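Enquirer:
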DNA sequence: AAATTGTGAAACCGAGTAGTTGCACATATA
DNA sequence: TATATGTGCAACTACTCGGTTTCACAATTT
């Protein structure tokens, strides 16, 4: 059973859960109200998110609040670093092109 | 058939392909040499990456060079924005705690 | 104590996935 | 022209995945 963050965020429902929990900790029932599928289906998604540590449990009486663990999500960000360099340089190139067009445009109109 | 970037990067082989192609454009055969599975398996991964526009084809004689499309990868980065705010603020809090501990430590020793 | 509520776990199912082998076909090379 | 090479596509298979239904169980509420 593969259980890494990349596989975890591959599912749109799980991404939606993360988006909700990131705002404030929530119980499974509260989360399930936001989706069309059953509470059990949502609960299974939560289980997966807990297993890969994107969510953390916090028992409170008989309710369980799940909260978002940003540190784990940052691992995605770290992985993106190797590509960020590339798209930033391309944006720079695009910026240069745009700036050149702009200055030509200015030349023409002034 | 779901074909979005999140599902595309969920597979470790595809992530490895992206890492290689990000360095420079490569042919399927050249890529396949880096993996244990067959060329056809790698080719299927490439197809998926092309379908979700993370890779772009570039025919050259009978060879096909695949190159990385950073713009598409940036969509992951954009999605992360909603969480980035959170982990950055928590890091700030951690920094504050560390700074306080540090100043207490300094107090004790000076 | 009995009923209700919040939750997780197990069993099952249809669809999707990653891999394989085998084939087709176009482009280069002899 | 015959052969080798680079590539994509189709068929098949074992496995995974997301969903449902059903159950178990502990913590509240009546």
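Chains as they are written, first to last, in the numbering used here: chain E, 1 to 110; chain S, 1001 to 1110.
No residue lacks a Cβ here, since even glycine has one placed at the ideal position from N, Cα and C.
The structure displayed is predicted, hence computed values, not measured ones.
Using the C-alpha atoms, what's the distance from residue 14 of chain E back to residue 6 of chain E?
Expert: Spanning the two alpha carbons is a distance of roughly 11 Å.
Enquirer: At 9 Å on the CB atoms, spell out the chain S contacts of residue 86 of chain E, in chain order.
Expert: 1022, 1068, 1070 and 1073, listed in chain order.
Enquirer: Report the neighbours of residue 981 of chain S on chain E: residues whose CB is nearer than 8 Å to its CB, in chain order.
Expert: Since the first and last residues shown for chain S are 1001 and 1110, residue 981 of chain S lies out of range.
Enquirer: Using CA coordinates, which residue listed in S:1065, S:1078 and S:1089 is at the minimum distance from residue 1047 of chain S?
Expert: Of the listed residues, the one whose Cα sits closest to residue 1047 of chain S is S:1065.
Enquirer: Along chain E, in chain order, which residues have C-beta atoms closer than 9 Å to that of residue 1080 of chain S?
Expert: Per Cβ cutoff of 9 Å: 73, 74, 76, 77 and 80.
Enquirer: Quick one: what does DSSP say residue 6 of chain E is sitting in, helix, strand or coil?
Expert: In the structure shown, residue 6 of chain E sits in a helix (DSSP, three-state: H, G or I).
Enquirer: Where does residue 68 of chain E sit, in a helix, a strand or coil, going by DSSP?
Expert: In this structure, residue 68 of chain E counts as strand in the three-state DSSP scheme.
Enquirer: What are the start and end residues of the beta strand (DSSP E) that includes residue 1055 of chain S?
Expert: Residue 1055 of chain S -> beta strand (DSSP E) spans 1055-1060.
Enquirer: Does any C-beta atom of chain E lie closer than 8 Å to the C-beta of residue 1083 of chain S?
Expert: True, the Cβ-Cβ gap to chain E drops below 8 Å.
Enquirer: On the CB-based measure, 16 or more other CB atoms within 10 Å of its CB, does residue 1041 of chain S come out buried or exposed?
Expert: Classification for residue 1041 of chain S: exposed.
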